[in-house]
DNA sequence: GCTATTTTTACACTCGACGTAAATTTACGT
DNA sequence: ACGTAAATTTACGTCGAGTGTAAAAATAGC
């Protein structure tokens, strides 16, 4: 909840708020730099604090968990699938909307589809902690999608069906995400990956069409 | 390496091996008891060691991570889906085999399908650490399934298709697992859960039939 | 400038995880 | 049965993430 102009909550004055964001960004930048340079696990919070010239406590104050220092825009990532379904066109199924969303993100080389850059991909792949965290984000994304589907209606069976369909659609996006990350690690350029993955995505969405094409149609 | 009497593996003599298993089981039992009594996170390794009357190091020696003390038969769980596909009948699709496997496990109230008992379900739900770990097991299970599908053949598109289909089939089992866990937490008895979830499972597998029913047929 | 609030810091602490070398237990040849 | 070699267990130290607390510093509002 963010109140703007007129405050129910005491609206912290400009400079304080600005400095907070500045400090947060500075810490995040230093952390990212160190993570990419020497790996996630090999970088300690003390090092990050030292690089950012703040105390350890300030770091863990802004970022509750170490992983939060490496993963940016988590909420945006989590919301993508649910948003795509909520914004589907009249007559378009959830499957169709998520297909369009994937194709758009693929063409845009969007990080939420797996285009995270080779350095990040290497860092994530080398750290079990980070890998688990990314998996958690995929799960939250799937849950958000399930809620969006349940709210949208358009299929018999209620929440149970919504969760199942969200699992299926989430799985497709998750697998394609992993594929893009894998190809990134293998050294392919973004445009090459786009050309390689596009037909795989098409095949996957085609595959689901007979099962899901008539569900959750707006 | 000292090979003695017989054996490809150095076959440590009987008593030593027996005592090891005994100690391991004893530690696991004490850990389980404490976890169920006071929760996973609220139980320290030191307490477990104390209860089992061994040193902390012995505990972390047998169980590399704390979660391993709570999760039993991980490899068996991971293998279930891949095994079901490998053992599918002639003319049976992977979807059909996994449907049979689910129905059998559901009727048997098998832990691998989510019948873990109310105490365990509560413990797992209350501990983020444990929840993440269970998610990791689902992922390993999906990966094993993908390998089994790729090895089995029976679909165009090679590994990419295998991974996608494994994602879909894994998602169904995972969602149903979660549903059973949820109902367990809500206080339903196993036989009630069986009656509630059976039609949901049927609906989910029916849903996928038009898409996957003709793939990976033995 | 003064005061109240917020942010940052220093310090201490818990816990999981890892490493090492000594002490204990078990196995086996003689 | 005894002694030696091997494995197991233990005690001890270390590291790093994460938390709590109260003092110190910075900022807001008057």
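Protein chains in written order, with our numbering: chain A, 7 to 224; chain B, 7 to 224.
Yeah, the Cβ is synthetic: ideal placement off N, Cα and C, and Gly gets one too.
Of the candidates A:106, A:56 and A:28, A:106 places its Cα closest to the Cα of residue 212 of chain A. The alpha helix (DSSP H) runs of length 4 or more contained entirely in the stretch 118 to 145 of chain A are, from start to end of the chain, 124 to 132. DSSP places residue 112 of chain B inside the alpha helix (DSSP H), whose first and last residues are 100 to 114. Contact residues of the stretch 180 to 197 of chain B toward chain A are 180, 181, 182, 184 and 185 (C-beta to C-beta distance below 9 Å). Residue-level contact by beta carbon holds for residue 163 of chain B and chain A, with a gap shorter than 8 Å. For residue 191 of chain A, the CB contacts under 8 Å within the same chain, skipping 5 residues up- and downstream, are 124, 127, 128 and 131 in chain order. Taking C-beta atoms as the reference points, residue 204 of chain A and residue 101 of chain A fail to come closer than 8 Å.
Closest in C-alpha terms to residue 73 of chain A, from the list A:59, A:41 and A:64, comes A:41. Taking C-beta separations shorter than 6 Å and ignoring five residues to either side along the sequence, the partners of residue 108 of chain B in its chain run 207, following chain order. At a cut-off of 8 Å between beta-carbon atoms, residue 217 of chain B makes contact with chain A. The C-alpha of residue 171 of chain A is placed about 8 Å away from the C-alpha of residue 155 of chain A. Contact between residue 103 of chain B and residue 90 of chain B holds: their C-beta atoms lie close to 5 Å from each other, under 8 Å. Here the stretch 51 to 63 of chain B makes contact with the stretch 28 to 42 of chain B; the two share three or more CB pairs at distances below 8 Å. Contact between residue 143 of chain B and residue 76 of chain B fails: their C-beta atoms lie close to 12 Å from each other, not under 8 Å.
Remark: C-beta atoms of residue 148 of chain A and residue 110 of chain A do not approach each other more closely than 8 Å. Closest in alpha carbon position to residue 222 of chain A, among A:33, A:47, A:97 and A:22, is A:97. Between the alpha carbons of residue 79 of chain B and residue 25 of chain B lies a gap of roughly 20 Å. In this structure, B:182 is the residue among B:176, B:160 and B:182 with its C-alpha nearest to the C-alpha of residue 169 of chain A. Between the alpha carbons of residue 133 of chain B and residue 184 of chain A lies a distance of about 27 Å. With its beta carbon at least 8 Å from every one in chain B, residue 160 of chain A lies outside the interface. By the neighbour-count definition (other C-beta atoms within 10 Å, threshold 16), residue 165 of chain A is an exposed residue. The Cβ-Cβ distance between residue 99 of chain B and residue 217 of chain A does not fall below 8 Å.
Taking C-beta atoms as the reference points, residue 200 of chain A and residue 115 of chain A count as a pair closer than 8 Å. In the structure shown, the three-state DSSP call for residue 223 of chain A is coil. For residue 23 of chain A, the enclosing alpha helix (DSSP H) starts and ends at 20 to 44. According to the DSSP assignment, residue 47 of chain A belongs to no alpha helix (DSSP H), since it is labelled neither H nor E.
The Cβ atoms of residue 84 of chain B and residue 150 of chain B sit closer than 8 Å to each other. Boundaries for residue 61 of chain A: no alpha helix (DSSP H) harbours it, and the DSSP string shows neither H nor E there. One thing to note: residue 118 of chain A has its Cβ within 8 Å of the Cβ of residue 86 of chain A. Against chain B, a Cβ distance below 9 Å from residue 132 of chain A picks out nothing, because the smallest value is about 17 Å.
If you draw a straight line from the Cα of residue 177 of chain A to the Cα of residue 33 of chain B, it comes to about 38 Å. Using a CB distance below 7 Å, the part of the stretch 140 to 158 of chain A facing chain B consists of 141, 142 and 145, ordered along the chain. For the stretch 86 to 113 of chain A, there are no residues whose beta carbon sits under 9 Å from a beta carbon of chain B. Residue 63 of chain B is positioned such that its CB atom lies no closer than 8 Å to that of residue 52 of chain B. Contacts between residue 206 of chain B and chain A, judged by CB atoms closer than 7 Å, involve 166 in chain order.
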